[in-house]
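See structure below.
2 protein chains.
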Amino acid sequence: MDKFMQAAIDEAKQGLAEGGIPIGSVLVYQGEIIGRGHNRRVQSGSPILHGEMDALENAGRQPASVYKASTLYTTLSPCSMCSGTILLYGIPKVVIGENQTFQGEESLLQSRGVTIDLVHSQECIDLMNNFIRDKPKLWNEDIGE
Amino acid sequence: MDKFMQAAIDEAKQGLAEGGIPIGSVLVYQGEIIGRGHNRRVQSGSPILHGEMDALENAGRQPASVYKASTLYTTLSPCSMCSGTILLYGIPKVVIGENQTFQGEESLLQSRGVTIDLVHSQECIDLMNNFIRDKPKLWNEDIGE
Numbered sequence: 001m002d003k004f005m006q007a008a009i010d011e012a013k014q015g016l017a018e019g020g021i022p023i024g025s026v027l028v029y030q031g032e033i034i035g036r037g038h039n040r041r042v043q044s045g046s047p048i049l050h051g052e053m054d055a056l057e058n059a060g061r062q063p064a065s066v067y068k069a070s071t072l073y074t075t076l077s078p079c080s081m082c083s084g085t086i087l088l089y090g091i092p093k094v095v096i097g098e099n100q101t102f103q104g105e106e107s108l109l110q111s112r113g114v115t116i117d118l119v120h121s122q123e124c125i126d127l128m129n130n131f132i133r134d135k136p137k138l139w140n141e142d143i144g145e
Numbered sequence: 001m002d003k004f005m006q007a008a009i010d011e012a013k014q015g016l017a018e019g020g021i022p023i024g025s026v027l028v029y030q031g032e033i034i035g036r037g038h039n040r041r042v043q044s045g046s047p048i049l050h051g052e053m054d055a056l057e058n059a060g061r062q063p064a065s066v067y068k069a070s071t072l073y074t075t076l077s078p079c080s081m082c083s084g085t086i087l088l089y090g091i092p093k094v095v096i097g098e099n100q101t102f103q104g105e106e107s108l109l110q111s112r113g114v115t116i117d118l119v120h121s122q123e124c125i126d127l128m129n130n131f132i133r134d135k136p137k138l139w140n141e142d143i144g145e
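Chains as they are written, first to last, in full-length UniProt numbering: chain A, 1 to 145; chain B, 1 to 145.
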């Protein structure tokens, strides 16, 4: 497993251990993680802190030149909010753990020139399947359903 | 001026008074404001708290049924991040103060069935033109340029 995807999975597991939704993300620039995060809907009562958003928030304010040379790793296919944020900042590449349990806006991203690398991680799939089985209502809330 | 757009403008002005970017937003459900906010890039060092995101964050966790019967008011045409968030939660209507100083993702929103009401507010235009003139670098950072 790529060390950056592993770091995103570690974030997802930390979120699960906190009683939250197991989705994690890291932002990588020049071979270093500059922001890491996980979904904080439960922990912070936040409707906007998906894993990707938390990673970007924790990276802090960055110049456009940094985003445009960064890669975002996320354990799950990014929803429209997180995809829109990727487009806002011009992040050119997204590495996705899996898209079997949720299909995000990969087509939109690709249509705008973003490179998608889909890892098909069984560990990511298992994390989400177990979570969705245990807490379907919480999951539906997180995806606006 | 519609009282809800006025509330969004009041938020934008509050942000400006705090040294921030003058964009405000309110989320309205059943004739009441359930969340209000303004851009907090400067105040909170946040790359994700645009005005619309701050309003949604301040509304807290809501069931899908609330979002799907709400209207989002924003002083400025929503960027791809905020538009993606509108799509995630299925907010059916967005009232926009102006889109002359920044053209967001109105076409994407409309293609997904979101109703757009563009107010063409001179007050909103003036707020942004003055801000962009005074702090062009900060503005470019906020839109990933």
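Glycine included, each C-beta is placed from N, C-alpha and C at the ideal position.
Annotation: the continuous alpha helix (DSSP H) that includes Gly51/A extends over 51-59.
Residue contact with chain B for Ile116/A: absent (no Cβ-Cβ distance below 8 Å to any residue of chain B). Taking a cut-off of 8 Å for Cβ pairs, the region 48-61 of chain A and the region 44-61 of chain B touch, as three or more such pairs fall below it. Taking C-alpha positions only, Phe131/A is separated from Ala17/B by approximately 44 Å.
With fewer than 16 other beta carbons inside 10 angstroms of its own, His120/A counts as exposed. Secondary structure at Ile21/A: coil, using DSSP grouped into helix, strand and coil.
By the neighbour-count criterion, in which a residue is buried when 16 or more other Cβ atoms sit within 10 angstroms of its Cβ, Glu105/A is buried. Judged by DSSP secondary structure, Glu106/A falls within the alpha helix (DSSP H) whose first and last residues are 106-111. Spanning the alpha carbons of Ala7/A and Gln110/A requires a straight line of approximately 24 Å.
Around the Cβ of Gln62/B, a 10 Å sphere holds 16 or more other Cβ atoms; the residue is buried. Around the Cβ of Thr85/B, a 10 Å sphere holds 16 or more other Cβ atoms; the residue is buried. Residues of the region 3-30 of chain B with a Cβ closer than 8 Å to any Cβ of chain A: none.
Rounded to whole angstroms, the separation of the alpha carbons of Gly97/A and Leu138/A is 21 Å. The Cβ of Arg40/B sits no closer than 8 Å to any Cβ of chain A.
Residue environment: Ser77/B is assigned as buried (16 or more neighbouring CB atoms within 10 Å of its CB, all protein chains considered). Within chain B, no C-beta atom comes less than 9 Å from the C-beta of Leu72/A; the nearest is roughly 13 Å away. Taking the beta carbon of Glu141/A as reference, the chain B residues within 8 Å of it are Arg61, Pro63, Ala64, listed in sequence order. Ile116/B places its beta carbon less than 8 Å from that of Val94/B. Rounded to the nearest whole angstrom, the CA to CA distance from Thr74/A to Met1/B is 43 Å.
A distance of 8 Å or more separates the beta carbons of Val114/A and Thr71/A. Shown here for Asn129/A: same chain residues with a beta carbon closer than 8 Å to its own, the five before and five after excluded, namely Thr101 in chain order. With a cutoff of 8 Å on beta-carbon distance, Gly19/B and His38/B are scored as not near each other. When secondary structure is reduced to three states using DSSP, Arg36/B falls in the strand class. One alpha carbon belongs to Ile34/B, the other to Ser44/B, and they sit about 22 Å apart. In this chain, the beta strand (DSSP E) harbouring Thr115/A covers 115-118. Closest in C-alpha terms to Arg36/A, from the list Gln30/A, Pro92/A, Ala12/A, Ile21/A, comes Ala12/A.
In this structure, DSSP gives Ile96/B an extended state, which the three-state scheme calls strand.
About 29 Å separates the Cβ atoms of Glu123/A and Ala64/B, ruling out a contact at the 8 Å cut-off.
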